[in-house]
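Residue numbers (my numbering): 48 to 523.
For each residue, glycine too, the CB sits at the ideal point set by N, CA and C.
From a predicted model like this one, the values you see are computed outputs, not experimental measurements.
Read the structure below first, then the notes.
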Ligand code: SAH
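Written out as structure tokens, the structure reads:
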């Protein structure tokens with residue numbers, strides 16, 4: 048059977064694709080159907096047909112899956128943010144667990160037995176909504192020329208108005224209303240991506256979950272905001288508003304933030320504390336690290352799950368106070384500073400200089416004098432110290448932690464890690480495919496997988512984070 052455009056097909060969904068879409072098969076012909084849920088029987092219209100597969104549009108759910116739920120967000124289908132809100136949370140977790148497992152089998156080439164022996168249950172959220180501490184809302188106009196803010200519809204640049212995103216904090220709504228009301232009152236235009244004209248591009252909002260402090264940054268296509276005192280007055284009425292700034296971005300680009308940020312009211316940064324939690328119960332302890340965060344800082348967006356992820360990484364590192372640790376791809380030093388009070392020395396490496404500046408400030412703020420940070424590529428900095436340093440703590444650390452971006456670790460980096468022969472390697476990953484590829488290299492280089500634990504940092508999206516412990520086999 049081969050399909051062509053506009054054909055209707057009836058199919059039962061048997062799998063979930065990489066982007067959360069439903070996958071169904073008819074006589075070996077595969078249909079990819081966005082918003083169809085595993086277990087549904089649907090009718091779908093073929094949009095783009097190839098020889099063995101087609102992309103189809105969900106027309107009607109004929110028989111709903113037992114795993115289908117009503118997405119609580121009214122714009123879940125149009126919005127590009129959530130891909131699987133209509134899948135029950137339990138099934139979402141199962142899907143993510145399976146994704147990690149299957150990548151270890153298929154890409155890593157590990158056996159069923161090996162994988163079964165090391166995989167631990169996925170760590171989900173008790174309440175998988177309102178978890179994001181950061182949101183970036185584009186501002187624009189609808190067809191009638193009315194000011195709107197919201198999110199981009201999936202894979203496009205047209206804004207759908209969203210008053211209250213259910214992944215974000217409740218305060219977002221009040222803040223957006225204040226910004227739009229200022230814009231209307233002072234006749235401040237929104238930026239138009241096509242013409243490059245207009246002023247307000249994005250509203251960036253951050254909240255410290257522990258401190259409850261709020262930060263608002265308007266990204267503008269101008270040097271100054273007209274009558275900014277009207278805006279600051281409105282925002283100051285909102286409880287816990289600590290920092291209001293503008294970021295200047297006059298480039299015609301998709302990149303949200305420009306180089307220059309100017310505080311127009313209150314402080315340059317907000318604070319937040321991430322708490323160590325007990326790795327077996329996830330109950331909060333009284334130990335924590337406080338970070339100051341500026342509009343441009345990279346900071347994990349789901350603090351509740353980040354605490355669990357870092358506490359697991361810390362327990363996998365097995366620190367007693369005597370160890371030296373490298374933290375590669377360290378960002379603003381979040382993991383390094385989690386480890387610092389439990390280690391002899393921690394060395395962080397990160398490619399973005401501003402992030403390293405934040406890391407150093409945060410180390411000082413928390414009173415840690417045993418953490419050092421280096422700007423550069425992990426695959427360059429690590430070999431440099433391995434080859435040239437006389438310090439055993441640096442050349443032969445006890446533990447190496449890595450938390451690379453989606454493309455995974457560079458091979459030079461992995462090989463240097465193997466030469467350094469740490470007792471334990473803790474791998475924090477945001478992409479199970481590159482994780483599986485890199486674990487194969489570590490295991491072939493003399494390590495054994497001890498623990499693999501997926502953590503759900505991004506409920507209702509297809510992303511999954513994983514933390515892994517690999518241990519050195521034998522004595523050197
Ligand atoms: N561990 C941090 C950040 C993880 S995100 C945290 O949990 O907050 C991955 C980081 O790797 C980013 O900060 C990115 O800037 C950095 N990065 C990307 N490529 C790199 C490279 N080749 N060497 C070092 N750091 C890199």
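At the C-beta level, residue 118 and residue 103 stay beyond 7 Å of one another. In this structure, DSSP gives residue 137 a helical state, which the three-state scheme calls helix. Under the rule that a run must span 4 or more residues, no alpha helix (DSSP H) segment is found entirely inside the segment 279-347. The alpha-carbon of residue 141 is positioned some 21 Å away from that of residue 354. The bridge partners DSSP lists for residue 474 are 449, 515. Residue 262 and residue 225 have their alpha carbons spaced roughly 14 Å apart. Using a cutoff of 6 Å, the CB of residue 126 does not count as near the ligand SAH, since none of the ligand's heavy atoms is closer than that. The DSSP-derived three-state label of residue 151 is helix. Contact annotation, residue 449 with residue 376: C-beta distance approximately 6 Å; criterion of less than 8 Å satisfied. The segment 208-219 makes contact with the segment 176-195, as at least three CB pairs between them are under 8 Å. In this structure, DSSP gives residue 193 a state outside helix and strand, which the three-state scheme calls coil.
Closest by C-alpha distance to residue 240, out of 203, 275, 220, is 203. Listed in chain order, the non-local C-beta contacts of residue 278 below 6 Å within the same chain comprise 229, local neighbours out to five positions each way being set aside. With respect to residue 294, residue 264 sits close: the two C-beta atoms are nearer than 7 Å. Relative to the ligand SAH, the beta carbon of residue 452 is positioned inside 6 Å of a heavy atom. Residue environment for residue 216: buried (at least 16 other C-beta atoms within 10 angstroms of its C-beta). Short of 7 Å from the beta carbon of residue 472, and not among the five residues preceding or following it, lie these beta carbons of its own chain, in chain order: 447, 464, 489, 494, 517. Inclusion of residue 128 and residue 184 in the CB contact set at 7 Å is not warranted, their separation being larger than that value. With contact defined as three or more Cβ pairs closer than 8 Å, the segment 303-314 and the segment 376-388 are not in contact. In this structure, the alpha-carbon of residue 322 lies about 33 Å from that of residue 430. Put simply, the segment 450-461 does not touch the segment 398-413. Fewer than three CB pairs are less than 8 Å apart.
Residue 272 carries a coil assignment under DSSP once its states are collapsed to helix, strand and coil.
Where residue 77 is concerned, there is no enclosing alpha helix (DSSP H), although the beta strand (DSSP E) around it starts and stops at 76-80. Judged by DSSP secondary structure, residue 202 falls outside any alpha helix (DSSP H); it is assigned neither H nor E. Classified as buried, residue 469 has 16 or more neighbouring CB atoms from the shown chains inside 10 Å of its CB. With respect to residue 292, residue 316 sits apart: the two C-beta atoms are not nearer than 7 Å. Using a cutoff of 6 Å, the CB of residue 335 does not count as near the ligand SAH, since none of the ligand's heavy atoms is closer than that.
Under DSSP, no beta-bridge partner is assigned to residue 163. In the structure shown, the three-state DSSP call for residue 441 is helix.
For residue 253, the enclosing beta strand (DSSP E) begins and ends at 247-254.
Rounded to whole angstroms, the separation of the alpha carbons of residue 368 and residue 85 is 48 Å. Residue burial is scored here from C-beta neighbours: residue 392 has at least 16 other C-beta atoms within 10 angstroms and is therefore classed as buried. By the C-beta density criterion, residue 313 is buried, having at least 16 other C-beta atoms within 10 angstroms. Between residue 82 and residue 514, the alpha-carbon positions lie close to 29 Å from each other.
For residue 257, the CB contacts under 6 Å within the same chain, skipping 5 residues up- and downstream, are 319, 320 in chain order. In the same chain as residue 481, and ignoring 5 residues on each side of it, the C-beta atoms closer than 7 Å to its own belong to 453, 454, 455, in chain order.
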